[in-house]
Amino acid sequence: MNSDTLLRFPCDFPIKAMGLSNADFPDLVTEIVGRHAPDLDVSQTRVQSSRQGRYQSVTVTIRAQSREQLDAIYRDLSAAERVVMAL
C-alpha cells in the first residue's frame with residue numbers, strides 16, 4: 009500500500025461532478041472520466057438535479073487502478089469549463 013493514500017488499488021471509487029443542468033452534461037462527465045477509465049460502465053451513471061433544477065450532479069463509479077489515475081481524472085474534470093465542482 010502506498011504510504012500517501014489510504015486507498016488500496018484496485019478499488020471501486022465514486023467520482024461526482026457538478027455543473028449547470030444541461031441534457032449533455034452527463035455525457036461530458038462520462039467522456040472525461042472514460043478517457044482515464046476505459047472500462048467505465050456508463051449504465052451505472054447516476055444523475056441528480058438540484059432542488060430548483062439549475063444544477064446537476066453526475067456520479068460515476070470506476071474501478072480505480074492508481075492514485076495517479078484518480079489525480080488525472082480530477083485534473084481534467086476541474087479543467088472543464090462546464091464542471092463547477094468535482095468530488
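Quick note, the sequence shown lines up with residues 9 to 95 if you use this note's numbering. Backbone N, C-alpha and C define an ideal beta-carbon position, used for all residues, glycine too. None of the values given here were measured: they were computed from a predicted structure.
- Around Ser65, the same chain offers Lys24, Met26, Gln56 as residues with beta carbons nearer than 6 Å, after the five sequence neighbours per side are excluded.
- By the criterion of a C-beta distance shorter than 7 Å, Phe33 is surrounded in its chain by Gly27, Gln64, Val66, Arg90, once the five residues flanking it on both sides are discounted.
- Looking at the DSSP output, Pro22 shares a beta bridge with Thr69.
- In the three-state reduction of the DSSP assignment, Gly61 falls in the coil class, being assigned neither a helical nor a strand state.
- Leu85 counts as buried, since no fewer than 16 other beta carbons sit within 10 angstroms of its beta carbon.
- The three-state reading of DSSP puts Ala94 in strand, counting E and B together.
- Arg54 is bridged by DSSP to Thr67.
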